[in-house]
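To start, the structure under review is shown below, and the notes come after it.
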C-alpha cells in the first residue's frame with residue numbers, strides 16, 4: 005500500500021472514528037451512520053489537512069464515496 | 008434530494024465546522040438550526056411531552072406558509088443549516104406538512120422531520136424524500152413494546168414507530184432513533200438495548216435528555232446527574248452512532264462537548280413565539296414582530312445564552328432550572344419573557360451583539 009493510500013485511509017479512520025477493516029472501495033456517503041452530513045465535513049477537512057489541499061464546494065459535493073475521493077485527489081496531483 | 012446535492016447547505020456546514028474549530032471546539036454564538044413546531048395537534052399522549060400536546064393546547068394554530076418562507080430566508084442569511092419540523096404530530100395532516108416544506112426551500116437546509124411514526128407510509132416517505140427531506144427522526148422510549156405504548160398512551164405505537172424507521176430507511180431517508188434519557192432510565196438495560204437496536208439497524212441514535220418542562224414542568228428529578236452523564240459519554244464511545252446536540256460532532260474521539268445550543272437552535276411555536284430551545288420556555292421574541300436576526304442578537308445579549316455551557320441548561324443545569332425555569336404553568340404557549348426574568352447585570356446593552364451575515 006502506498007503512503008498516500010495509507011494517509012487517505014487514516015483520514016477516514018480519524019474523521020469518522022471507524023475501524024480500518026471497514027474502510028474500502030465499498031464505503032460511500034450515508035453507507036454507515038458515521039459518514040453522515042457532519043461526518044462528511046469532518047472527513048473533507050481531515051483529507052485537506054493530510055494532503056495539504058483545498059476542496060472546492062463542488063468537490064465536497066462530488067466526493068460521494070471512497071473511490072471518488074481518490075479521483076479528486078488524483079486531479080490535485082496525488083498518486084495512489 | 009441528498010445532502011450532497013445541496014451546495015448552499017454544504018457551504019454553510021463547512022462554515023459551521025470552521026467556526027467550531029477556530030472557537031476552541033465551542034459553538035459560541037454561531038447559529039445552526041431551527042426547531043419549528045408547525046402544529047401542536049397529536050395522536051399520542053406521551054407522559055414527557057414538552058409541548059403539552061396531550062392537553063390539546065393550541066392544536067389548531069399554525070404558521071402560514073408565507074411566514075415560514077420569510078423565516079427560512081432569514082435563517083439562511085444567518086448561516087443556519089438545519090431545520091427540524093416537529094409538532095405535535097405533523098403526519099396527522101400530511102398535505103399541510105408538504106405545503107410547509109415547499110415554502111421553506113429545502114435545497115438550502117439539512118431538513119428533517121421528527122415524528123412518532125404512527126402514520127408513516129411508504130408513499131408519505133417517498134413524498135418527503137422528493138420534497139427534500141433528508142432525515143426522519145422517530146422517538147422510541149423502550150425496547151419493550153408494552154412499556155413504550157403505556158408511556159405514549161396508545162396501543163401499537165411501538166410497532167408503528169419501529170415500522171416507520173424501516174420505511175424511511177428503505178426509501179433512502181436517513182433514519183434517526185430518538186431516545187429521551189433521564190435519571191429514571193439513563194443507566195438502565197432498557198436504554199442500552201435501544202442503543203444496540205439502533206446500531207444493529209444502522210440508524211443514528213439521537214439522545215435528548217429529559218427536561219422539567221411541558222408535561223414534566225417543575226419535575227426536576229427527571230434530570231440526569233453526573234453519573235448518568237458520564238454513562239452517556241461511555242455509550243457514545245461504545246456505540247459510535249450516538250449524538251447529542253451539545254456534543255461536538257467533529258470530534259472523532261467522541262468526547263468533546265461543543266456547548267448548550269440555546270439560541271443556536273431556535274425553537275419557533277405555532278404562534279410565532281421564539282424560544283432559545285424547545286425545552287427552555289422563555290420567550291426571546293416573536294417572528295411577527297421582529298426578524299430572526301433581531302431576535303437572536305437580542306437573545307445573545309443575555310449572558311446565560313451567550314456564554315458557553317458544557318451542560319444542557321434545560322436538562323442538566325440544576326441551577327439554571329432553579330433560577331429560570333422553576334415556574335408553575337409555563338409552557339411553550341405560556342413562556343416567561345426573557346427580559347423580565349434575567350437581571351440587568353446579565354444583559355448587555357442593546358446593539359452589543361452583531362451576528363455575521365452569510366459568507367463563504
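Protein chains in written order, with the numbering used here: chain A, 5 to 84; chain B, 8 to 367.
C-beta atoms are modelled at their ideal positions from N, C-alpha and C, and glycine is treated no differently.
If you're wondering where the values come from, they're calculated on a predicted model, not measured in any experiment.
Query, Result
"Given a limit of 7 angstroms on CB to CB distance, which residues of the segment 15-27 of chain B reach chain A?", "17, 18, 20, 21, 24"
"Identify whether residue 344 of chain B lies in helix, strand or coil by the three-state DSSP scheme.", "strand"
"Output yes if chain B places a C-beta closer than 8 angstroms to the C-beta of residue 57 of chain A; else output no.", "no"
"Could you tell me the alpha carbon to alpha carbon distance between residue 130 of chain B and residue 171 of chain B, rounded to whole angstroms?", "12 angstroms"
"Would you decide whether residue 313 of chain B is buried or exposed? Buried here means 16 or more other CB atoms lie within 10 Å of its CB.", "buried"
"Give the secondary structure of residue 278 of chain B by DSSP, where H, G and I count as helix, E and B as strand, and everything else as coil.", "coil"
"Considering only the alpha carbon of each residue, which of B:244, B:285, B:165, B:218 lies closest to residue 92 of chain B?", "B:285"
"What do you reckon, is the C-beta of residue 360 of chain B under 7 angstroms from a heavy atom of the ligand NAP?", "Here there are no bound small molecules, and the ligand NAP is not part of this structure."
"Taking CB distances under 8 angstroms as the criterion, tell me whether residue 18 of chain A reaches chain B.", "yes"
"Less than 8 angstroms between the C-beta atoms of residue 36 of chain B and residue 307 of chain B, yes or no?", "yes"
"Quick one: Cα of residue 138 of chain B to Cα of residue 41 of chain A, how far?", "18 angstroms"
"Using the beta-carbon count (16 or more within 10 Å), is residue 310 of chain B buried or exposed?", "exposed"
"For residue 259 of chain B and chain A, any beta-carbon pair shorter than 8 angstroms?", "yes"
"Taking 8 angstroms as the CB-CB cut-off, is residue 30 of chain B touching chain A?", "no"
"Please state whether DSSP places residue 90 of chain B in a helix, a strand or coil.", "strand"
"Where do the ends of the alpha helix (DSSP H) carrying residue 12 of chain A lie?", "7-20"
"Rounded to whole angstroms, what is the Cα-Cα separation between residue 132 of chain B and residue 176 of chain B?", "9 angstroms"
"Please state the DSSP three-state secondary structure of residue 142 of chain B.", "strand"
"Going by the DSSP bridge assignment, what does residue 76 of chain A pair with across the sheet?", "DSSP output for residue 76 of chain A lists no bridge partner at all."
"Under 7 angstroms between beta-carbons, which chain B residues line up against residue 33 of chain A? List them in chain order, please.", "11"
"State buried or exposed for residue 232 of chain B, treating a residue as buried only when at least 16 other CB atoms are found within 10 Å of its CB.", "exposed"
"To which residues of the same chain is residue 367 of chain B closer than 8 angstroms at the C-beta, ignoring the five residues directly before and after it?", "Confidence at residue 367 of chain B is low in this model, with a pLDDT of 45, below 50, so its placement is unreliable and the value that follows should be read with caution. Answer for residue 367 of chain B: 18, 22, listed in chain order."
"If we require 4 or more residues per run, which alpha helix (DSSP H) segments fall completely within the segment 89-120 of chain B?", "101-111"
"Mind checking the segment 104-119 of chain B against chain A and listing, in chain order, the residues whose C-beta falls within less than 9 angstroms of any C-beta there?", "117"
"The alpha helix (DSSP H) spanning residue 42 of chain B covers which residue range?", "Element bounds for residue 42 of chain B: not the alpha helix (DSSP H) but the beta strand (DSSP E), 40-44."
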